[in-house]
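> Protein chains in written order, with full-length UniProt numbering: chain X, 1 to 495; chain S, 1 to 94; chain F, 1 to 490.
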C-alpha cells in the first residue's frame with residue numbers, strides 16, 4: 001500500500017470514507033511531519049486528532065487541513081501573525097472553517113502568513129519568515145506563504161488561505177501547488193481577520209486542481225441538502241451562488257472550443273524569461289487540447305497596482321483601528337500613560353513595519369483634502385478594470401497569464417524596496433479588483449523553481465476554470481513534489 | 001513629496017507612534033509608493049462612477065430576532081486590563 | 001459700542017434610539033439596565049473577523065420617521081465609516097450614513113428637516129476615578145451593552161429662532177415619535193438626545209454667522225437654558241468686537257457654564273468612506289409597504305381634525321392631540337356622547353378637569369411628566385364622563401357639583417347619575433325652593449343688599465356664596481344672581 005502521505009486530498013478523503021484509511025493515523029502522520037517542519041510553515045499545531053473523529057458519512061471524513069492563521073477558530077491561537085494579537089484565542093469560529101469542519105475536516109494547525117495578510121513574501125510575520133520548500137533560502141510567496149509551503153512540503157494534504165491581491169495564487173505559484181481564489185462573495189468572510197474588506201476572499205490550496213475543488217465545494221456551502229451554495233447570514237457581502245450545484249470534482253481532459261485570451265498589456269515587460277517560456281509552453285499545451293489562444297486587451301490593467309495600493313491600504317487603515325489594546329491583544333502602557341499613549345504605544349510595538357506603512361498610506365489616502373485624488377480615483381480605476389474584463393470576456397472564456405512575473409526570490413532580496421515588492425502582484429491584482437475567480441496551477445520549472453499559470457474567468461465561472469485547469473494539469477504533467485524531507489517514525493527528520 | 005509634518009499628522013490620525021528614527025524612512029517609503037500611485041492621475045476618469053462593492057449590488061437585511069449574548073467572562077476573557085465588569089482604560093479626560 | 005440687535009439661528013440634531021429588539025448590526029438584545037457587558041457578542045465588541053449585518057426593523061422604523069415627516073425616502077442609501085479612536089467605539093469607526101441618507105428633507109410643524117439617517121450608538125464609558133490598574137492615574141471602564149444600539153439621527157434646517165421655540169418643537173417631535181411607536185423617547189434615559197447648532201446674526205441679516213455645537217442637554221429645560229446661555233455668550237463676544245469660534249461645547253446644567261470640548265490632539269478628520277462590509281441599502285418594497293401601513297395619524301394631523309371636524313379651540317385641539325392617550329380617550333368620550341353635546345365642553349372636561357385629577361393622583365414622576373395620567377387606565381369610563389357632561393349641560397347638576405361627581409368617578413368609578421342621587425347633588429331648580437333660599441340670604445346680609453341697591457353689583461358673590469353653602473353647591477350661580485335681582489327689583 002502507498003504511503004498515505006502521498007495520497008491527494010481527493011484520494012485520501014475517498015479512502016477515509018471507504019474505511020481503508022484511519023483518520024487518526026492519517027492525522028498523526030501529518031502531525032509528525034508538521035512537527036518536524038523546517039520551513040516555519042506553522043504557528044500552532046493541534047495536539048492530536050479531535051476526540052470524536054468525523055464519520056465516514058461526511059464528505060471529508062476526517063481529512064486534516066492546515067488553516068491560515070487569520071481564520072478565527074474558537075479557543076485556538078489566532079494572531080494573523082501579528083505581535084499585537086499573539087496569544088489571542090477567539091470565542092467563535094469562522095464560517096468557512098465551520099463549514100469545512102461540518103463536512104468532516106479536522107484542523108491540523110494554523111499556518112504562517114504575512115502579518116494581517118500584508119505582503120507577497122511571507123517575510124512580514126511576527127512568527128518569522130517561511131522558507132520555500134523548493135529552496136530554503138527563498139521566499140514561499142505571500143501572504144498565505146505558510147499554507148502553500150505546508151502543502152508543497154507534504155506537511156498537510158491541503159490548506160486554506162486568503163487572497164486579497166494574489167495571496168493564495170502567488171504563493172501557490174512560487175511553491176508549485178494549486179491555489180484558487182473564488183469569486184468575491186462566494187465564501188463567507190465572517191471570522192477572517194480583515195485586511196481589505198472589498199477584496200479579501202478565502203481560497204483553497206492543494207496539490208491538485210481536484211483537491212482545491214473538493215475544498216471549495218465545502219467552503220461555499222455547496223453539496224448540502226439545499227443543493228446550492230448557502231448565503232452566510234453573518235456576512236452581508238456573501239452571495240447566494242445558485243450555480244454552485246455545478247461545482248463537481250473536475251475531470252475534463254480536453255479544451256475543445258475553449259477560447260483563451262492572453263492580455264498583451266500584462267506581458268509587455270517585467271516577466272522573467274524562464275517564467276515566459278513555461279507560460280508559452282502551457283499555452284501550446286492548451287492549443288494541443290483543442291483550445292484557441294488569442295490576444296485580448298485589458299487597457300487599465302497596468303493601473304491596477306496603483307489602484308490596489310490605495311484601496312487596500314485605505315480599507316486596512318480602518319479595519320486595523322480596532323487593534324487598540326482595549327478589548328483584546330497585547331497592550332503596551334507605562335506608568336501614568338494617558339489614553340492616547342496607550343493607543344500609540346500599543347500600535348507602535350504591536351504592528352510590524354509593513355503594516356504601519358500601509359496604515360499610514362491608507363490613512364493619508366482617506367484624509368481630508370486627499371480623498372478625491374487618491375481613494376476616489378482608485379475606485380474609478382476599479383470601475384474601468386471591471387469594465388475591461390467584462391469586455392474581454394465577450395470574446396474569450398478564460399484569460400491566461402503567468403501568476404507571478406518571477407519565480408521565488410531570495411529571502412530579504414526585496415524587503416527594502418516596497419514598490420518592487422508590490423510589483424510582484426502585477427498579474428494577480430487586476431483579477432482581485434474585478435472580484436472574479438482565478439486559479440494558479442504549476443506550469444513547470446524555471447531554474448529549478450516552480451512557475452505558476454493563472455487562469456481567470458468571469459464571476460461564478462469556477463466550474464469552467466476548474467475543468468480547464470484540470471485538463472491542463474494533466475497535459476503539463478508537473479511533478480508536484482518539492483524536494484521532500486522524510487520523517488522517521490520517531491519524528492526525527494532526515495534528508 | 002510626503003514631508004515630515006505630513007507623516008507626523010497622519011501618524012497622529014492613525015494613533016501610531018513613530019520613533020524619531022522611523023519618521024524619515026516612512027516619509028521616503030510613502031513618497032515612493034505615492035509616486036507610483038500617481039500614475040492614475042494620467043487617466044481621464046471624468047464621469048466614471050466609483051466602485052466600492054464589486055459584485056454584491058445590495059445589502060441583505062437581518063430579521064430583528066435576538067440571539068444569546070456572550071457570557072461576561074467570555075467577553076472580558078481576552079482583555080489586557082479587565083475590571084470586575086468591564087474593560088479598563090485610562091480616563092480620556094485625564 | 002453700538003447696540004446691534006441679534007437674532008439666534010438654531011438647528012437641532014436629534015439622536016433617537018430605535019425601539020427594535022436587537023442591535024443595529026448584530027443580534028444582541030438591546031440593554032435596559034442589565035449588568036455591564038452582558039449584552040455583547042463578537043460583532044458589537046468589534047472582535048477581529050466580525051462583520052455587520054443591517055437590522056431590517058431599524059430600517060422600517062427609520063422609514064416610518066421619514067414617512068411621518070413627508071421626507072424623500074432613498075431608493076438606495078449607503079453606510080459609511082466614520083473613523084476616530086475612542087474607547088466607547090470598539091471598531092475604531094462608527095458605521096453611519098453620510099452623503100446618501102435613508103431620508104432627505106421633510107418637515108414637522110414650522111421646522112424643515114435636512115435628513116434622517118441610521119447609525120449605531122457608542123458604548124458607555126463609566127468614569128471610575130482612581131484605580132488599581134495603573135498606579136495613580138484615573139481610569140474609566142467601558143460597558144458595551146449600549147454599543148451598537150440602532151439610532152436614527154434627525155437633523156433640522158436652521159429654522160428655529162429661539163430657545164423656547166426649540167424646546168416647544170422638540171416636545172412636538174418627541175410626541176410625534178412616541179405616537180409613531182419608533183422609540184421610547186425618554187430624554188433622561190438617553191433614548192432621545194439633542195444637540196443644538198447655534199449661531200447669531202444681526203436682525204435683518206440673511207447670511208449665517210459662525211455656529212457652535214452645543215452638546216449634553218438631556219431635558220427640555222436644559223435645552224432652553226443651554227441655548228439661551230450660548231446665545232448670550234455669542235452676543236457678548238460679538239458686541240465686544242470678537243469672533244465666535246466654530247467648536248463643540250458642553251453645557252453644564254448645574255452651573256450653567258459652557259465649556260469647550262475641543263480635544264487636545266490632532267483635529268478631527270473622520271476619513272469617511274463607504275463601508276465595504278455593507279453593500280448599498282435598497283429598501284425592499286414589502287418593507288416600505290409595512291412602514292407605510294404602520295404610520296398612524298400623527299399629532300398635528302389629529303389636532304387639525306379636532307379643530308375642523310369637532311370645532312375645538314386651537315389650544316384644546318393640540319392639548320388632546322399631542323398626547324395619544326388623551327386623544328384616544330377624548331374620541332371615545334365623543335363617541336359615547338349624544339350628538340348635541342358640546343364638543344368643546346367635553347374637551348375641557350377631559351383635557352383639564354380629568355387630567356388634573358389624574359396627575360395629582362400620580363404624583364411627581366421625574367422620568368415622565370405624563371406618567372400615570374392615561375385616562376384609559378383610570379376608573380372613569382368614557383361613557384360615564386359623557387353622561388356627566390350631559391348632566392351639567394342640561395343643568396341637572398351645576399358645574400361645581402359636576403366636579404364633585406368627577407372626584408367620585410376618579411376615586412371609585414361608577415355612574416354619574418347614581419353618584420348624583422347618592423350624594424344628593426341634583427341642582428336646586430329655578431323654582432320656589434331656590435327663591436326662598438336666596439331671600440334668606442339677602443335677609444342675612446343687609447349691608448350687601450344696600451350696596452346692591454346702589455347699583456354696585458360687586459358684593460353679589462357674597463350672596464352666591466351664602467346660597468352655595470346652604471345648598472352644598474347644588475345651586476347655579478347665574479340663577480342665584482338672576483333671582484336676587486328679581487327680588488330686589490333691580
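A virtual CB, placed ideally from N, CA and C, is assigned to each residue, including glycine.
Small disclaimer: the values here were computed from a predicted structure and weren't measured.
Return the chain-ordered list of same chain residues with a C-beta closer than 8 Å to the C-beta of residue 11 of chain X, the five sequence neighbours on each side being excluded.
none
> Roughly how many angstroms separate the alpha carbons of residue 280 of chain X and residue 368 of chain X, rounded to a whole number?
47 Å
> Identify whether residue 175 of chain X lies in helix, strand or coil by the three-state DSSP scheme.
helix
> Using a cut-off of 9 Å between C-beta atoms, extract the partners of residue 59 of chain S located in chain X.
236 and 237
> If the cut is a Cβ gap below 9 Å, which residues of chain S does residue 282 of chain F touch?
Residues of chain S passing the Cβ test: 57, 58 and 59.
> Under a CB-based cut-off of 8 Å, is residue 363 of chain X close to chain F?
yes
> Have a look at residue 101 of chain X and residue 107 of chain X and give me their C-alpha separation to the nearest angstrom.
The C-alpha of residue 107 of chain X is placed about 8 Å away from the C-alpha of residue 101 of chain X.
> What are the uninterrupted segments assigned as alpha helix (DSSP H) that are 4 or more residues long and contained completely in the region 379-461 of chain X, given in chain order?
Listed in chain order, they are 418-422 and 429-434.
> Starting from residue 192 of chain X, find everything on chain F with Cβ-Cβ shorter than 8 Å and list it in chain order.
49, listed in chain order.
> Whose CA, out of F/444, F/102 and F/89, lies closest to the CA of residue 73 of chain F?
F/102
> Does the Cβ of residue 490 of chain F have 16 or more other Cβ atoms within 10 Å, making it buried, or fewer, making it exposed?
exposed
> Where residue 392 of chain F and residue 353 of chain F are concerned, what is the direct C-alpha to C-alpha distance, given to the nearest angstrom?
Within the model, the alpha-carbon separation for residue 392 of chain F versus residue 353 of chain F is close to 14 Å.
> Answer yes or no: does any C-beta atom of chain X fall closer than 8 Å to that of residue 68 of chain S?
no
> Measure the CB-CB distance between residue 385 of chain F and residue 334 of chain F and report whether it falls below 8 Å.
No, these two residues do not count as a Cβ contact at 8 Å.
> Roughly how many angstroms lie between the CA atoms of residue 501 of chain X and residue 463 of chain X, to the nearest whole one?
Within the shown structure, residues of chain X are numbered from 1 to 495, placing residue 501 of chain X beyond reach of any answer.
> Which runs of the beta strand (DSSP E), 3 residues or longer, sit entirely within the region 236-271 of chain X?
259-263
> Using a Cβ-Cβ cutoff of 9 Å, what residues of the region 268-296 of chain F are near chain X? List them in chain order.
269, 270, 271, 272, 273, 274, 275, 276, 277, 278 and 279
> Rounded to the nearest angstrom, what separates residue 113 of chain X and residue 48 of chain F at their Cα positions?
A straight line joining the alpha-carbon of residue 113 of chain X with that of residue 48 of chain F spans about 16 Å.
> Tell me residue 293 of chain X's beta-bridge partners as DSSP assigns them.
X/260
> Thinking just about the alpha-carbon of each residue, which of F/7, F/8 and F/69 is nearest to the one in residue 301 of chain F?
F/69
> Using 8 Å as the limit for Cβ to Cβ distance, is residue 380 of chain X near chain S?
Any Cβ of chain S closer than 8 Å to the Cβ of residue 380 of chain X would place that residue at the interface, and such an atom is present.
> Using three-state DSSP, classify residue 377 of chain F as helix, strand or coil.
helix
> With distances taken from CA atoms, which of F/36, F/200, F/119 and F/202 is nearest residue 126 of chain F?
F/36
> Tell me whether residue 132 of chain X sits in a helix, a strand or coil according to DSSP, three-state version.
strand
> Let's test the definition: count the other Cβ atoms within 10 Å of the Cβ of residue 29 of chain S and tell me whether it reaches 16, buried, or not, exposed.
buried
> Which residues mark the beginning and the end of the alpha helix (DSSP H) in which residue 169 of chain F is found?
Element bounds for residue 169 of chain F: 163-180.
> Tell me which residues of the region 25-58 of chain F have at least one Cβ-Cβ distance to chain S shorter than 7 Å, keeping chain order.
27, 28, 29, 35, 36, 37, 38, 39, 40, 41, 45, 53, 54, 55, 56 and 57
> Roughly how many angstroms lie between the CA atoms of residue 192 of chain X and residue 9 of chain F, to the nearest whole one?
Going by the C-alpha atoms only, they are around 49 Å apart.
> Candidates X/36, X/255, X/342 and X/32: which alpha carbon is nearest residue 288 of chain X's?
For the residues X/36, X/255, X/342 and X/32, the minimum Cα distance to residue 288 of chain X belongs to X/255.
> Skipping 5 residues on each side, what residues in its chain have a beta carbon closer than 6 Å to that of residue 227 of chain X?
Caution applies to residue 227 of chain X, whose pLDDT of 48 falls short of 50 and renders its modelled position unreliable; the model cannot decide the point.
> Please decide whether residue 8 of chain F counts as near chain X, where near means a Cβ-Cβ distance under 8 Å.
Residue-level contact check: residue 8 of chain F does not touch chain X, since none of the beta carbons of chain X fall below 8 Å from its beta carbon.
> Can you list the beta strand (DSSP E) stretches of 3 or more residues lying completely in the region 102-153 of chain F, in chain order?
111-120, 124-130 and 138-143
> Taking the alpha helix (DSSP H) that residue 428 of chain F falls in, what are its first and last residues?
Residue 428 of chain F -> no alpha helix (DSSP H), and no H or E assigned at all.
> Beta carbons nearer than 7 Å to chain S: which residues of the region 90-110 of chain F have them?
Going along the region 90-110 of chain F in chain order, one finds no residue with a Cβ nearer than 7 Å to chain S.
> Determine the chain X residues that contact residue 142 of chain F at a beta-carbon separation under 9 Å, and present them in chain order.
Within chain X, the residues 326 and 327 have their CB atoms less than 9 Å from the CB of residue 142 of chain F, given in chain order.
> Given 7 Å as the limit, tell me if residue 191 of chain X has its C-beta closer than that to any heavy atom belonging to the ligand NAD.
Although the ligand NAD was asked about, the structure shown includes no ligands whatsoever.
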